[in-house]
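Protein chains in written order, with the numbering used here: chain A, 1 to 752; chain B, 1 to 752.
Structure below.
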């Protein structure tokens, strides 16, 4: 069979047919698109019959395929990836036997667009000259960045300019004291321009905008982790404790100075023996009526405050301690305690030790603090939720001590969201560097080629980098929504937002660590050198899984929130509270699923947000239902409730995770629906699909166990995930540029 | 219903019945054990009828369970975990209403032993006083250590004593120059006592024992990663290259000095632009007949040697370069090149730059090396596999240049096994520290208890630490076998051993990194402090996934080895070689499976090595078969072979991983069978079961997709994995002590 046996009209479809049949993923919809393309063409009966038979065949014979391949290779046409419709142009060149193409063939164009095939799907199939492009400019990074910045474009742009100045250029500093001095100066520099106080009211130098503060925080992470955390400790934790737990007298006395960093402070909550279980802290704050003062004391040698950021620079500490008034313990309260005088000398009764070197964040001065009967005035009690009046009597607007405690802890939620945002920035930065390296680095080639292949063109590399890129997109918009919701929430909505923050903080910080590790490995030995910045991010972000709430503890709290439909106090370790509500979950009848979906494997279905939503919702509801019923079963047998919860601990961890993923997907998908530009909306929908399918794939065994998906569907999902990564490959540089990371932050020897 | 309604004979079974029915895992075998126990007892007809009805019931009613619970709680007996048979004693105390137990009830004892229930399964079920033990001394760490040391107990013991001296005590050093000086002194110290030369023959100061050297290497890792790697570079890579690639003249001139570290050297293979693709290195070694010398040259500015360990201390380098003789390139060969004179000054034409700070291993001096027409005598060519004779003619005992190159590379295999061993030691050390912390650290409690719970008693914590402990056991014995096989292997067996080494190096270094991360998080913020040693291990072991072969590349090489049944040159990138053999895999008919296993979920079956072996083998064979058939399909359609392999790249990665796991399990299980002591053999079998079930669980979606396991079986496996972790919980301290890590290596502030 020779080329000349085909008419020009038939010939021009041959590359398309070859591409379609080379792939594992020929679906009925691909067949129908192809046929629609044929309908648009003016073909003879014979031509149409041949073409239709080839597309209708279950699979053309290997002989025919080899013949087609030969035709294409021997036609000596060039594949130009930068052509507007590369496969159409290529096919027309072949059919017309001419390099120049004038009028674009509308049928071919229709098929090419609607199949969504891109040069990187097929350029390796042909032994032809390729004019390659390593990345496409089809999408605009600038437009993506505008979507990312959302409402706070002005603030973010101004801030990015700010952090691009020399003061914020990164360098390797091994000595912790030198590093800390640098970071302190950077924090003071930012404070001067009002960045620290952004979340406080205008009367204290701020703009009263927590989400804008969070946007600044996440951009700061591109510069350096230590700077970000020191910034967060000073303005978010220390300043935030005054703002959220104190009253006007405290605001007036301290908030402006905290915000402009002329009063450096720390947040002394964690103790050596009490981290996750804050409620059990041993430090006491005893009210002494005679002197009208509160005496802070560390009872045992291991009851010191530990890991306290800013401990070596601070002159004041917000100390969390058991408040004892007239012999009664009213639970944990926060008290402002001066720890150093103006000259920097420790106050009498205060001992502070350096925590020493850490895996990362060595620019943050963490320390241990002991108090030996340190007296402060009664006014130093941050008294929004609990006070001692002038008669020495304890009063509180919240009668239930449980509720009071958790209301105070609730003020940490903003910090938790910021931690998730910071970790995500670390992942974005690492991905940007790894992608830029992968678009420069070449290794291995086929014997026919002179040049080695870009490592970005390896399927394993696409999977390891593009899947997490899709996740960063989803998480970004989920967190943006959460911080907005948080900033306008009322008391009734708080429990649910706290649950969401716990789930997302855990899920996203774990994701970020895995991703940064993947990026380090994707850059090989080069990723291990500090000069290329990924190693540093890795060391810094590592601890994000632990601080502001250990992930394993948080994810269980989130699960408990779900079990009680957000009705119990968040953070509560009172199991009876939970049990009250568990029964309600058992009446949930939406734990069955649509059996029609079980075997559906076509592209449209796998791309359909309705399928994604149903699958993610089913998992969350089913896990809620089964956890509730297991707990109830144990209780009925007389098992103590604390133990019943232990029995289902791993189940709760799965539930918390499922909740986080569903929440993120919904937030992202809703956002994607609001994008006006069709092209960008389609891109975001595709990213959403990659995220959802990846989640289903990662939990495929669970879905398979329950018959929610069939074995074939599970395989189809895995293939579709790989395919989506390939489809996004040409846009990968645009996708990471879309993060809007200031250039100097990702400038490294390997991305030059 | 009151206690008095039951006879003493019945009463003594009540705690057993309660424990059995509280659990999710009542299996037919548990029922039959209970009945056998009853048969041993002398019971009245009535008593037997009641007891049989309770155990035969599908589930006793909740009311009965609550009554039983109440009886137990109100009996006011004490549960003493250190009793020989705690539940038997507890039950007898209750039935006899007396704290003192004289003769042990044989029926109860029989049931307790055979159900394998331990206090930590049930102590939380009762509201009774508990005399707890945090770890059991049922097994002996010393006996386990003897099994671990195997043949090399004498060498290992002597070496552990050696590294317990002050010279090898670890401290935090931030400055790389100070750190490197310390490490160099340590290496020289070890060399003096012959540890470096162990793998070389006695005529060069060694004992000709590679496995013993590897045992020393893995123990050295407990001290410090930098020391281990510097040691490996000097003796394994530099000395090893002389030993394996050179001939007697090189051995006589250099090997003794390399072994006693009076000649420091490096192994200059990797280049900035060529890491994984070593064959493509650009450095040239051109033979110049006129001067009878070989001229080493770095052609482009980025063609320098990179990341070369010992580069800043070495006086000689084994340089891998394209050997050009009389205008013909004979491929990559190794040449000894002096890089510094005796005073430490660089030789003319040699430029060396420090690679700077890394994420870890900062005690190793990695550098970049450029050569500018550096001439060395012809004799400096390491000429075992390729030589230039006195007439300036190239000769080689291996005609095929491909085979020659891969034979040379094959000498790296010993190093690869050592890298896996080193990474595994890192994981063991981190696990030992994390376990000891978890046996001290308490957090949270139920309202009834004064003391908070040990975090080791949380199911999530058991899963995160005990599962990886089981894996360290399996991997240890798999590597011990591999190094033995390697040391006695002949040329024909080499391909298979190279494949195994590639698969295990990748699998075990990835595992080690994940495990160390888990340990860091399991120790919370304390794990992040350098003083507690885990952070350091994490930074050091990180790069083990990249050096001595990037894991993603290695795992694909392993898969290609499988596809060709180890017949092709290992490391070969010639796809045609592979294709020759692919067809053979397609004739494998053992890709069906035993349908009887699909639904079997009982304890005995899940514990049965026959099931484990079949499952792991099925996965490896099935993946081999499907990869081969996909490749063949693509080729038949005319796709270039290089591209066909790219198409199945993620498939190959899965195949390589499946191969590694099967191999490890088989090696471990065979070893376990040889343990004479029954108690220890049972322990090892249990560990093997935990490993195998964990592997099946981690790939459950794959097994479910193919119908190899049913949904119920998948759930049963997950539960069994959790249960096995709980069963091993009392022995966890013994298990990590069994590693035999010298005490000063795991002494940290959190394990005190």
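Where is the CB? At the ideal position from N, CA and C, for every residue including glycine. Predicted, not measured: the structure shown is a model, and the values here were computed from it.
Between residue 115 (chain B) and residue 92 (chain B), the C-beta gap is not smaller than 8 Å, which leaves the two residues out of contact. For residue 698 (chain A), the enclosing alpha helix (DSSP H) begins and ends at 678-698. By the Cβ-count criterion, residue 532 (chain B) is buried, with 16 or more other Cβ atoms from all chains shown falling within 10 Å of its own Cβ. The DSSP-derived three-state label of residue 363 (chain A) is coil.
Secondary structure of residue 708 (chain A) (DSSP, three-state): coil. In summary, the residues of the stretch 22-47 of chain A whose CB is separated from some CB of chain B by less than 7 Å are 22, in the order they occur in the chain.
Straight across, the Cα-Cα distance linking residue 354 (chain A) with residue 200 (chain A) is about 30 Å. Listed in chain order, the beta strand (DSSP E) runs fully inside the stretch 241-305 of chain A are 265-268, 284-288, 293-297, counting runs of at least 3 residues.
In the DSSP assignment, residue 329 (chain B) forms a beta bridge with B:324.
Sequence-ordered contacts of the stretch 710-724 of chain B with chain A read 711, 714, 715, 722 [C-beta pairs closer than 7 Å]. Inter-residue distance for residue 155 (chain B) and residue 464 (chain B) is about 33 Å (C-alpha atoms, whole angstroms). Burial state of residue 32 (chain A) is exposed, judged by a 10 Å Cβ sphere holding fewer than 16 other Cβ atoms. Straight across, the Cα-Cα distance linking residue 98 (chain A) with residue 689 (chain A) is about 40 Å.
If you ignore the 5 residues before and after residue 362 (chain A), its C-beta comes within less than 6 Å of the C-beta of 176, 179, all in its own chain and listed in chain order. A Cβ-Cβ contact shorter than 8 Å links residue 123 (chain B) with residue 79 (chain B). Relative to the Cα of residue 386 (chain A), the nearest Cα in the group A:325, A:467, A:274 belongs to A:325.
Straight across, the Cα-Cα distance linking residue 424 (chain B) with residue 228 (chain B) is about 13 Å. Secondary structure at residue 440 (chain B): coil, using DSSP grouped into helix, strand and coil.
Per DSSP, residue 119 (chain A) is one residue of the alpha helix (DSSP H) stretching across 119-122. Listed in chain order, the non-local C-beta contacts of residue 383 (chain A) below 6 Å within the same chain comprise 247, local neighbours out to five positions each way being set aside. Every unbroken stretch of the alpha helix (DSSP H) spanning 4 or more residues and falling wholly within the stretch 599-684 of chain A is given here in chain order: 603-607, 609-636, 641-647, 649-673. Assignment of residue 80 (chain A) by DSSP, reduced to helix, strand and coil, places it in the strand class. Under the DSSP assignment, residue 469 (chain B) falls in the alpha helix (DSSP H) whose first and last residues are 459-488. B:467 is the residue among B:467, B:519, B:652 whose C-alpha sits nearest the C-alpha of residue 725 (chain B).
Assignment of alpha helix (DSSP H) within the stretch 18-44 of chain B, counting only whole runs of 4 or more residues, yields 28-40 in chain order.
Taking 8 Å as the cut-off, the Cβ atoms of residue 214 (chain B) and residue 418 (chain B) count as close. A direct Cα-to-Cα measurement between residue 745 (chain A) and residue 435 (chain A) gives close to 14 Å. Within chain B, not a single residue places a beta-carbon under 8 Å from that of residue 561 (chain A); the smallest gap is close to 17 Å. Annotation: the continuous beta strand (DSSP E) that includes residue 130 (chain A) extends over 129-131. Annotation: the continuous alpha helix (DSSP H) that includes residue 493 (chain B) extends over 491-522.
In the pairwise beta carbon analysis, the stretch 653-661 of chain A is classified as not touching the stretch 427-446 of chain A: fewer than three pairs are separated by under 8 Å. Here residue 488 (chain A) is exposed: its Cβ has fewer than 16 other Cβ atoms, across all protein chains shown, within 10 Å. Nearest Cα to residue 259 (chain B) within the set B:192, B:291, B:285: B:192. Using a CB distance cut-off of 8 Å, residue 429 (chain B) does not count as an interface residue toward chain A. If you check the CB distance, residue 319 (chain B) and residue 286 (chain B) do not come in under 8 Å. In this structure, residue 12 (chain A) sits near residue 95 (chain A), with a CB-CB distance shorter than 8 Å.
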